[in-house]
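One structure below.
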Amino acid sequence: MSGIARLRCDQVAPVLGDVAANTALVVASVERALGDGVDVLVLPELVTCGYVFRDRDEALRSAITTDDPLFVRIRGLLDGTDTVVVFGFGERQGQRVRNSVAVVDASGTRAVYRKTHLWDRETLVFDAGDEAPPVVGTVHGRIGVLVCYDMEFPEMPRMLAVAGADLIAVPTNWPVGEHPERDRVAEVIAAQATARGNGVFIACCDRAGTERGQDWNEASVIVDQFGWVVAEAAPAAGSTAVTADVFPALARDKSTSPHNDWLGDRRPELYEREVPRA
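As numbered in the numbering used here, the sequence shown has no gaps in its residue numbers, which increase by one up to the final residue, 809.
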């Protein structure tokens, strides 16, 4: 793998149900990233279609398949480069509709992951995936993929860390919520804790815009393997890009002291035992 990798979370504002406009949005983001020397570009959850669907029929109308021309277009843009693009899309599988993420590089579509933990009304619109999240080997390190609410379940990022992920890319749509002014939003704090507890880099790409009255945290963030924020969107920044240069290989050193290791100290033989109740 190479040394330093330039990561970017491009916090764009997709248009609900307008696949053509969102395709152009994704293409423009990839072109900007290539012009700026970005190595790994992460785009929001469901960037091809938007999020606040009334029902599954509406979502199906703007869902695409993995042979959609957009995938070919991205691959063409990446030809001759080592850049990796991670983006969310509404995926049609027959009469099923998935909240999916693709990992694409110059060789084509490397992986597709279908969100397994659906949030709130997503359960009324999308079909949950039933496969484990992937880890994709790239020139810039091993990239694991989750989608938004997946990260709230510690088992998910831990699976990826154990499988060797250096970086976890997390396309998100974080709905705005109240939080103390002194603190970052809870989702960013969760990303910091997840990065620290697994010794991995995490890049969460939130979205911008308002959709059917729903606003978003607009809190895209890149966190290092110690849990520190290295780049983040300013509050209420709207459409913006968050970029940082990191060294993904540092995530392979899980030592936390001369005598401790994040993964080596695990006691998996204990974790499925019945908890004694006093």
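Virtual Cβ for every residue (Gly too), placed ideally from N, Cα, C.
As the structure is a prediction and not an experimental result, all values here were calculated from the model.
Between which two residues does the alpha helix (DSSP H) harbouring residue 565 extend?
Unbroken alpha helix (DSSP H) run through residue 565: 550 to 566.
Span of the alpha helix (DSSP H) holding residue 672?
Counting along the chain, residue 672 falls outside any alpha helix (DSSP H), though it belongs to the beta strand (DSSP E) covering 672 to 676.
Which whole-angstrom value is the C-beta distance of residue 541 and residue 565, which I expect to be below 8 Å?
No, residue 541 and residue 565 are not in contact; Cβ-Cβ is about 12 Å, not under 8 Å.
Taking the alpha-carbon positions, what's the residue 810 to residue 574 distance?
Past the edges of the chain, shown from 532 to 809, lies residue 810, and the structure says nothing about it.
Terminal residues of the continuous alpha helix (DSSP H) containing residue 601?
Its alpha helix (DSSP H) spans residues 600 to 609.
Just reading off the alpha helix (DSSP H) that residue 588 is part of, what are its end residues?
First-last of the alpha helix (DSSP H) with residue 588: 587 to 592.
Quick check: the stretch 585 to 592 against the stretch 555 to 563, are there 3 or more CB pairs under 8 Å?
With the cut-off at 8 Å, the stretch 585 to 592 and the stretch 555 to 563 do not touch.
So, does the stretch 666 to 677 touch the stretch 631 to 638, judging by three or more C-beta pairs under 8 Å?
As far as the Cβ criterion goes, the stretch 666 to 677 touches the stretch 631 to 638, which means the pair count is three or higher.
Could you have a look at residue 756 and say whether DSSP puts it in helix, strand or coil?
Reduced to three states, the DSSP call for residue 756 is coil.
For a test of the three-state rule: what should DSSP assign to residue 783, helix, strand or coil?
Three-state result, residue 783: helix.
Report yes if the C-beta distance between residue 731 and residue 677 is below 8 Å; otherwise report no.
No, these two residues do not count as a Cβ contact at 8 Å.
Flag residue 635 as yes when its Cβ comes closer than 7 Å to any non-hydrogen atom of the ligand HEM, and as no otherwise.
Ligands in the displayed structure: none, and consequently the ligand HEM is not present.
I'd like the list of long-range same chain contacts for residue 627, defined as Cβ closer than 8 Å, with 5 residues on each side in sequence excluded.
Same-chain partners within the cutoff: 658.
Should residue 620 and residue 655 be called a contact, given that it needs their Cβ atoms to be closer than 8 Å?
No.
Pick helix, strand or coil for residue 715, following the three-state DSSP scheme.
Residue 715 falls in the coil class under three-state DSSP.
At which residues does the beta strand (DSSP E) containing residue 662 begin and terminate?
Per DSSP, residue 662 belongs to no beta strand (DSSP E) and is neither H nor E.
Less than 8 Å between the CB atoms is what I'm expecting for residue 661 and residue 613, so what's the real figure, rounded?
Incorrect: roughly 32 Å between the Cβ atoms, too far for contact.
For residue 729, which of 674, 583, 782 and 579 has the nearest alpha-carbon?
Checking every option, the nearest Cα to that of residue 729 belongs to 782.
Hey, how far is the Cα of residue 720 from the Cα of residue 684?
About 14 Å.
I'd like to check one pair, residue 737 with residue 703: are the Cβ atoms closer than 8 Å?
Going by C-beta atoms, residue 703 is nearer than 8 Å to residue 737.
What did DSSP end up calling residue 736 once you bin it into helix, strand or coil?
Three-state result, residue 736: strand.
If I follow the unbroken alpha helix (DSSP H) through residue 654, where does it start and stop?
That run of the alpha helix (DSSP H) goes 653 to 656.
Considering just the uninterrupted stretch of the alpha helix (DSSP H) at residue 623, what are its terminal residues?
Element bounds for residue 623: not the alpha helix (DSSP H) but the beta strand (DSSP E), 615 to 624.
Please name the residue or residues paired with residue 544 in a DSSP beta bridge.
Residue 544 is not bridged to any residue.
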